[in-house]
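Residue numbering for the sequence shown follows my numbering, beginning at 575 and increasing consecutively.
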Amino acid sequence: MIPNISPFQPGDKVVCYCRYSEGDDQGLKNTSVDEQEQAIREFCKQNSLQLVQVFADPFASGRSVAKRDHYLEMLSFLLHGKKKQDISGVILWDYERYGRNYDRAQYDAAQLRMKGYKLFSMQQPITDNSPFAHVLESMYFASAQNQSDMISADVKRAKQANFTKWKAIPRSNIPDGWIPVPVPMGYYTDGRERIGYRAEPDPEYIDKIRDAVQARLDGATIAQCKNILGGKFSELPIKTNSLFKKTLLYGAFTYGGTTIEDYCTPIIDKATFDKLQIFNETAPKRKRSKGAGVYALQRSLLSGLLYCGECGERMYLDRRKAKGHTYETYYCSHYHIGVRREEIEDSIMDHVLEWLSDDHWEKDLQGITDA
């Protein structure tokens, strides 16, 4: 039953956030985003609250903000700008839906509170705003990450056992140039058959890969090898470059620290693979054209100056084209998350202009005078 309590006053405007990953870190939480939204709408109706907007990430893990576009959109909506929105706070189904990374959840929740918003979980209702309430909230966030860590460890052990016994790996780990082959792995307790996947060379690319490897050993560039391969490898040079480093080429595969030498049918022999690695290491690297760095700095205001909030690595400008449009984001290559260029640069410029404004200097001078 929905708790009929609320830290909000009747008539307050609120937003809600819903998340469901359908992934390994989901655990026993089987409430979809639609079910979460329905329960929150009923809660708002019972407490005479105005639900202004729903932010939902139906297929996103809570361990980071990667692929949680609507979560980031909610934070931007509530925190962007100098003035607080006409919103009293955020309603969640439970704290685990908010996030399973303790530090990130704590940080974002603190930002919301400092801006004047309340964060309320229907399953763990905290109605006051005292420091002790914040400690309790922190414990819920810690519990969410701890549960996620335990589930993740169990899943890793299960995947490692599947690899060792059945040569089965997650389908997402099968690279371009190989195809997933179904592997029977016994039965579930309810009688359903367990199916895993093993990588085998894609017949479409076997001869092309051999030709590309030989061309590379004969001195061909990565771009020339990419043209030989064609298909999926023609999109980005990095795919071709990483292909030449995969031990799957000679039939071996390493997963979770365990290596199976006869994992799949080899495309080339081990001796040829070793020669290829030596060639790649000693091949002359393409030199950057003069002024390339200057050009990048002229086109990008903050490239290399922003840091990812998840891993602390520098973020650089990334340009991608889709449907005739060019999209620019400051991107973290480690966590695969980014922020739109215009949003962050406009925000920075707003702060710079405020700092340069006459009002800002008058306040500083007044402070010096008063001192």
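In this text, a Cβ means the ideal position worked out from N, Cα and C, and glycines have one as well.
Predicted, not measured: the structure shown is a model, and the values here were computed from it.
C-alpha distance - residue i paired with residue j, whole-angstrom precision
i: F582; j: A716; result: 25 Å
i: S907; j: A640; result: 11 Å
i: V755; j: K782; result: 21 Å
i: V658; j: G690; result: The sequence shown places Lys at residue 658, not Val. Rounded to whole angstroms, K658 to G690 spans 7 Å at the Cα level.
i: G830; j: I579; result: 47 Å
i: R784; j: I852; result: 17 Å
i: F633; j: H644; result: 11 Å
i: I614; j: T814; result: 48 Å
i: V868; j: S816; result: Residue confidence is low: V868 scores 38 on pLDDT, short of 50, so the model does not pin down where it sits. No coordinate-derived value is stated.
i: A735; j: M724; result: 17 Å
i: Q563; j: L822; result: No answer is possible for residue 563: the residues shown for the chain start at 575 and end at 945.
i: W667; j: F617; result: 10 Å
i: I670; j: Y714; result: First, the residue type needs correcting, since residue 670 is Glu and not Ile in the sequence shown. Each residue's Cα considered, the two are about 8 Å apart.
i: K587; j: R768; result: 48 Å
i: H899; j: R893; result: 10 Å
i: T846; j: I665; result: 59 Å
i: G865; j: Y904; result: With a pLDDT of 41 at G865, under the threshold of 50, the predicted position of this residue should be treated as unreliable, though the coordinate-derived value follows. Roughly 21 Å between the two C-alpha positions.
i: S635; j: S595; result: 5 Å
i: G912; j: S808; result: 25 Å
i: D598; j: I842; result: For D598, the pLDDT reaches just 42, beneath the cut-off of 50, and the residue's location in the model is therefore unreliable, although a value from the coordinates is still provided. Whole-angstrom Cα-Cα distance: 35 Å.
i: Y837; j: K895; result: 38 Å
i: G883; j: E647; result: 16 Å
i: F827; j: F818; result: 14 Å
i: Q721; j: D728; result: 11 Å
i: S877; j: M889; result: 6 Å
i: L652; j: N747; result: 37 Å
i: K739; j: G804; result: 35 Å
i: K656; j: A630; result: 25 Å
i: L623; j: S638; result: 30 Å
i: E855; j: L791; result: 12 Å
i: D702; j: I922; result: 34 Å
Contact belief for residue i with residue j at Cβ below 8 Å, rounded distance in angstroms
i: L891; j: R914; result: So it is not a contact: roughly 11 Å between Cβ atoms.
i: L710; j: G663; result: The Cβ separation is near 17 Å, so there is no contact.
i: Q719; j: R674; result: 5 Å
i: E917; j: S650; result: 7 Å
i: S712; j: Q680; result: 6 Å
i: P775; j: T833; result: Rounded, the Cβ-Cβ distance is 18 Å, inconsistent with contact.
i: K741; j: V757; result: 7 Å
i: Y676; j: Y591; result: Not really, about 17 Å apart at Cβ, beyond 8 Å.
i: E611; j: V589; result: The pair is not a contact, with the Cβ atoms about 11 Å apart (cut-off 8 Å).
For residue i, the residue or residues it bridges with in DSSP
i: R888; result: Y881
i: A773; result: P754
i: T900; result: K895
i: I780; result: Bridge partners of I780: none, in fact.
i: Y761; result: E767
i: I748; result: Answer is none; I748 lacks a bridge partner.
i: I743; result: Y771
Endpoints, the alpha helix (DSSP H) within which residue i is located
i: R642; result: Run containing R642: none; DSSP gives neither H nor E here.
i: F582; result: Here F582 belongs to no alpha helix (DSSP H), and DSSP marks it neither H nor E.
i: E616; result: V607 to Q620
i: T856; result: K844 to T856
i: C799; result: I796 to L803
i: D792; result: No alpha helix (DSSP H) contains D792, which DSSP labels as neither H nor E.
Range of the contiguous beta strand (DSSP E) that encloses residue i
i: C590; result: K587 to R593
i: T833; result: T832 to I834
i: A630; result: Q624 to D631
i: Y824; result: Here Y824 belongs to no beta strand (DSSP E), and DSSP marks it neither H nor E.
Cutoff 7 Å: residue i Cβ touching any chain B Cβ
i: R593; result: Here chain B cannot be found, since the structure has a single protein chain.
(request) Write down every uninterrupted run of the alpha helix (DSSP H) in the region 644–731 whose length is 4 residues or greater and which is fully enclosed by it, in chain order. (result) 669–672 and 676–689
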